[in-house]
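Student: Sequential numbering from 67 applies to the sequence shown in this note's numbering. Even for Gly, the Cβ is constructed at its ideal location relative to N, Cα and C. From a predicted model like this one, the values you see are computed outputs, not experimental measurements.
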Amino acid sequence: MEHRQLTSSNLERPDQEKATHVVLVSYPIQGHVAPFIKLSYQLASRGIKVTLVVTEFLHARLMASQPELDGEQCDQVRLVAVPDGLPEEDPRSDERKVGESIFKVMPGHLKNLLNKANLEGNQVTCIIADAIFGWALEFAEKREIKLAMFWPSTPGGLALALSIPKLIEAGIIDSNGTPTPTMKGNKVQLSPDLPPLTDGDLVWSYPGNQIAQKMIFQSLFSIQQNLEKCCWILCNWFHELNPLVGDTIPNILPLGPLLANGKPAGTFWPEDSTCLSWLDRQPPRSVIYVAFGSIAKHSQHQIDELALGLELLGRPFLWVNRSALTSGSSSKFPDGYEKRIPASHGKMVPWAPQEKVLAHPSVACFLSHCGWNSTMDGISTGVPILCWPNFADQFYNRSCICDGYKVGLCLNPDEYGIVTRHEIRRKLENLIADEGIRGNSMRLKEMAEESLRKGGSSAKNLESFIEQIKQ
Ligand SMILES: O=c1ccn([C@@H]2O[C@H](COP(=O)(O)OP(=O)(O)O[C@H]3O[C@H](CO)[C@@H](O)[C@H](O)[C@H]3O)[C@@H](O)[C@H]2O)c(=O)[nH]1
């Protein structure tokens with residue numbers, strides 16, 4: 067199935083006929099698609115013709131949640147929808163099945179797309195592929211097309227992924243990524259400007275989901291070879307955040323923070339914008355913003371503790387209570403909770419315009435699962451972060467936020483593995499009162515802004531990338 071963005075009338079715009087044409091291919095999850103879309107805007111705004119390939123399933127979701135993605139505002143970014151190889155009725159809830167199918171069918175779709183673009187005189191100059199799409203290397207090489215890989219996650223995660231062979235050789239992890247007794251209780255220094263890594267920080271860690279853990283480890287294992295062979299590794303951070311990590315990776319180009327800047331952020335759920343007018347009615351720096359990205363889950367017991375912790379704190383809060391945040395159906399609140407918390411004091415939304423929320427002056431801090439995009443959202447708006455990691459890179463991101471960048475605090479579970487309401491209340495109070503953390507957050511925000519200004523590190527990296535793909 068092809069969407070209207072692929073029609074020849076659309077492709078043959080005279081002003082763009084000779085433009086450099088970049089095709090981007092993202093893995094179809096929110097934490098990858100959102101930064102891909104923001105990167106697409108950056109390229110398109112500099113006159114590059116941009117085609118972003120998404121699965122049909124995802125395309126339908128994006129159109130339902132942000133129909134503007136198909137409109138005037140995003141005209142220079144063409145979304146092309148391709149089948150993911152699964153039957154229409156499949157709910158796409160089995161991550162492994164989706165992943166395997168994508169790897170099987172995506173090369174064929176890309177081939178068709180390039181052939182079609184060639185026929186229509188829109189030759190593709192460069193492919194930007196998700197860093198886990200190793201198949202794109204051979205594909206681009208055969209067709210003599212430049213290839214960049216995009217790493218949507220954290221500097222620490224990249225440093226770790228690239229160290230996997232050495233860690234196995236040194237007997238620190240086994241060939242499945244499981245820490246050996248040598249690592250237990252010890253720390254590994256991946257780069258002088260990263261906090262030491264413990265066995266709890268391994269980015270493939272997915273508590274309670276062995277299949278996902280194995281899948282993430284295998285993808286990361288393959289990344290080292292992928293990145294060695296591609297021309298550039300594009301990343302969503304700015305050089306000054308972890309300058310030494312970049313020094314060890316020759317072809318790295320940090321371009322972040324990647325921002326939507328008011329354009330549709332490519333979210334899978336419709337944004338509830340009423341939270342912005344609600345924020346307008348709150349005092350400056352008063353609100354706790356609570357959001358756990360697109361995949362993290364909490365038990366109903368944890369949701370209760372969170373709700374009661376926020377109540378104990380007594381400050382206004384805005385809570386993204388996304389569907390499937392709990393393992394069962396939708397999360398419930400403790401008895402009488404919604405009556406006790408007036409709407410003026412606590413607002414729940416299924417999905418928020420996160421970039422805009424965090425930039426709002428009423429927000430005091432961000433209770434986050436530490437997904438990398440949310441971490442960059444927090445850093446680029448100077449909002450201190452209370453860390454509640456759930457799986458994967460989020461544990462090491464927590465260490466970076468708290469011990470590396472020093473812009474947050476972390477929640478600690480009790481002896482039963484529960485983050486109690488008292489811990490939540492205490493840490494939120496401490497975080498809000500911590501002037502040192504606020505100062506660090508503001509400094510990083512300024513550095514992030516500086517990196518995007520003309521002559522700043524990310525701006526220069528983007529210009530250099532564009533110059534090179536034009537050659
Ligand atoms: O109400 C909300 C909540 C989130 N977001 C956006 O959704 C994205 C969420 O991304 P992220 O914070 O990275 O979380 P996940 O969706 O969980 O992302 C997955 O992908 C990331 C990048 O690889 C990893 O760092 C995470 O651990 C992994 O779970 C960000 O762009 C947010 O701005 C919204 O727009 N509104």
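According to the Cβ coordinates, are ASN463 and PRO450 closer than 9 Å?
Tutor: For the purposes of this step, residue 463 is taken as the residue at position 397 of the sequence shown. For the purposes of this step, residue 450 is taken as the residue at position 384 of the sequence shown. No, the Cβ-Cβ distance between ASN463 and PRO450 is not below 9 Å.
Student: When the Cα atoms are used, what is the spatial distance from MET67 to ALA147?
Tutor: Here residue 67 is taken as the residue at index 1 of the sequence shown, counted from 1. Here residue 147 is taken as the residue at index 81 of the sequence shown, counted from 1. With a pLDDT of 35 at MET67, under the threshold of 50, the modelled position of that residue is not reliable, and the figure given next carries that caveat. Straight-line Cα distance between these residues: approximately 7 Å.
Student: Is DSSP giving ASP196 helix, strand or coil here?
Tutor: In the sequence shown, residue 196 corresponds to position 130, counting from 1. ASP196 falls in the strand class under three-state DSSP.
Student: Select from GLN108, LYS104, LYS115, PRO94 the residue whose C-alpha is nearest the C-alpha of LEU124.
Tutor: The residue given as residue 124 occupies position 58 in the sequence shown. Among GLN108, LYS104, LYS115, PRO94, the Cα nearest to that of LEU124 is on PRO94.
Student: With a CB to CB cut of under 7 Å and the five nearest residues on each side skipped, what residues in its chain are close to LYS422?
Tutor: In the sequence shown, the residue the question calls residue 422 occupies position 356. Excluding sequence neighbours, LYS422 sits near LEU342.
Student: Name the DSSP bridge partner or partners of LEU319?
Tutor: Within the sequence shown, numbered from 1, the residue matching residue 319 stands at position 253. Its beta-bridge partners are LEU300.
Student: I want to check one thing, is the minimum distance from the CB of ILE361 to the heavy atoms of ligand 1 below 8 Å?
Tutor: One-based indexing of the sequence shown puts residue 361 at position 295. For ligand 1, at least one heavy atom lies less than 8 Å from the Cβ of ILE361.
Student: Count the other C-beta atoms from every protein chain shown that fall within 10 angstroms of the C-beta of TYR482, then say buried if there are 16 or more, exposed otherwise.
Tutor: In the sequence shown, residue 482 corresponds to position 416, counting from 1. Exposed, because fewer than 16 other Cβ atoms sit within 10 Å of the Cβ of TYR482.
Student: I'd like to confirm the pairing. Which residues does DSSP put opposite ARG144 in its beta bridges?
Tutor: As a first step, residue 144 must be located in the sequence shown, where it is residue number 78. Paired residues: THR117.
Student: Is it true that the CB of LEU176 sits closer than 9 Å to the CB of PHE205?
Tutor: Along the sequence shown, one-based indexing puts residue 205 at 139. Along the sequence shown, one-based indexing puts residue 176 at 110. Yes.
Student: In chain order, what residues of the same chain lie with their CB nearer than 6 Å to the CB of SER74, ignoring the 5 residues before and after it?
Tutor: The residue labelled residue 74 in the question sits at position 8 within the sequence shown. With a pLDDT of only 33 at SER74, under the threshold of 50, the placement of this residue in the model should not be trusted; the figure read from the coordinates follows. For SER74, where only same-chain residues beyond five positions count, the Cβ hits under 6 Å are GLU186.
Student: What residue from CYS192, LYS170, LEU179 has the CA that sits closest to PHE199's CA?
Tutor: On the sequence shown, position 133 is the one that residue 199 refers to. Comparing Cα positions, the closest option is LYS170.
Student: Beta-carbon separation of PHE283 and ASN242 under 9 Å?
Tutor: Your numbering for residue 283 matches position 217 in the sequence shown. Your numbering for residue 242 matches position 176 in the sequence shown. The answer is yes: Cβ separation under 9 Å.
Student: On the criterion of 16 or more Cβ atoms from any shown chain inside 10 Å, does THR244 qualify as buried, or is it exposed?
Tutor: Looking up residue 244 in the sequence shown gives position 178. By the 10 Å Cβ count, THR244 comes out exposed.
Student: Classify LEU510: buried if its beta carbon has 16 or more other beta carbons within 10 angstroms, exposed otherwise.
Tutor: To locate residue 510, count along the sequence shown from 1; it is residue 444. Buried: at least 16 other Cβ atoms inside 10 Å.
Student: Since HIS87 is in the beta strand (DSSP E), which residue starts that stretch and which ends it?
Tutor: For the purposes of this step, residue 87 is identified with residue 21 of the sequence shown, where counting begins at 1. Run containing HIS87: 87 to 91, per the beta strand (DSSP E) assignment.
Student: Is it the case that the CB of PHE457 approaches a heavy atom of ligand 1 more closely than 8 Å?
Tutor: As a working note, residue 457 is residue 391 in the sequence shown. Within the cutoff, so yes.
Student: Comparing the CB of ARG388 with every heavy atom of ligand 1, is any distance shorter than 8 Å?
Tutor: Residue mapping note: residue 388 aligns to position 322 of the sequence shown, counting from 1. ARG388: yes, Cβ under 8 Å from ligand 1.
Student: Mind checking whether the beta-carbon of ASP539 lies closer than 8 Å to any heavy atom of ligand 1?
Tutor: Only positions 67 to 537 of the chain appear in the structure, and residue 539 is not among them; the question remains open.
Student: Taking ILE467 as the reference, which of ASP240, GLU210, ASP267 has the closest Cα?
Tutor: On the sequence shown, residue 467 is found 401 positions in, with the first residue counted as 1. The residue with the shortest Cα to Cα distance from ILE467 is ASP267.
Student: For ligand 1, is there a heavy atom less than 8 Å away from the beta-carbon of SER219?
Tutor: Residue mapping note: residue 219 aligns to position 153 of the sequence shown, counting from 1. Within the cutoff, so yes.
Student: Would you be able to state if there are at least three C-beta pairs under 8 Å between the stretch 218 to 231 and the stretch 425 to 432?
Tutor: The stretch 425 to 432 vs the stretch 218 to 231: no contact.
Student: Pull the bridge partners of SER434 from the DSSP assignment, please.
Tutor: As a position in the sequence shown, residue 434 is number 368, starting the count at 1. Paired residue(s): ALA357, CYS453.
Student: Report buried or exposed for SER530, applying the criterion of at least 16 other Cβ atoms within 10 angstroms of its Cβ.
Tutor: Taking the sequence shown and counting its residues from 1, the one referred to as residue 530 is at position 464. Its Cβ having fewer than 16 others within 10 Å, SER530 is exposed.
Student: Taking the alpha-carbon positions, what's the GLY380 to LYS212 distance?
Tutor: On the sequence shown, position 314 is the one that residue 380 refers to. On the sequence shown, position 146 is the one that residue 212 refers to. Cα to Cα, the separation comes out at about 55 Å.
Student: Rounded to whole angstroms, what is the Cα-Cα separation between TYR471 and ILE238?
Tutor: Reading the sequence shown from its first residue, position 405 is the one you call residue 471. Reading the sequence shown from its first residue, position 172 is the one you call residue 238. Approximately 26 Å between the Cα atoms of the pair.
Student: If you draw a straight line from the C-alpha of ALA16 to the C-alpha of THR117, how long is it?
Tutor: The displayed coordinates of the chain run from 67 to 537. Any statement about residue 16 would go beyond what the structure contains.
Student: Could you name the residues of the same chain whose beta carbon sits closer than 7 Å to that of GLY322, not counting the 5 residues immediately before and after it, in chain order?
Tutor: Here residue 322 corresponds to residue number 256 of the sequence shown, with the count starting at 1. So the qualifying residues of the chain are CYS301, ASN302, TRP303, PHE304, MET442, SER524.
Student: Compute the distance between the beta-carbons of THR392 and SER434, then report whether it is under 9 Å.
Tutor: Position 326 of the sequence shown, counting from 1, holds the residue named residue 392. Position 368 of the sequence shown, counting from 1, holds the residue named residue 434. No, they are not a contact pair.
Student: Measuring straight from C-alpha to C-alpha, what distance separates ILE503 and GLN460?
Tutor: Indexing the sequence shown from 1 puts residue 503 at position 437. Indexing the sequence shown from 1 puts residue 460 at position 394. Those two C-alpha atoms are separated by around 20 Å.
Student: My output table needs one value for PRO245: the three-state DSSP class, helix, strand or coil.
Tutor: Position 179 of the sequence shown, counting from 1, holds the residue named residue 245. Three-state DSSP puts PRO245 in a strand.
Student: Would you say the stretch 310 to 329 touches the stretch 397 to 412, given that touching needs at least three Cβ pairs under 8 Å?
Tutor: No: fewer than three Cβ pairs fall under 8 Å.
Student: CB GLY332 to CB LEU518, shorter than 9 Å?
Tutor: Translated into positions along the sequence shown, residue 332 becomes position 266. Translated into positions along the sequence shown, residue 518 becomes position 452. Not in contact: GLY332 and LEU518 (Cβ atoms no closer than 9 Å).
Student: So what's THR441 in DSSP terms, helix, strand or just coil?
Tutor: Stepping through the sequence shown from its first residue, residue 441 is reached at position 375. Here THR441 sits in helix by DSSP.
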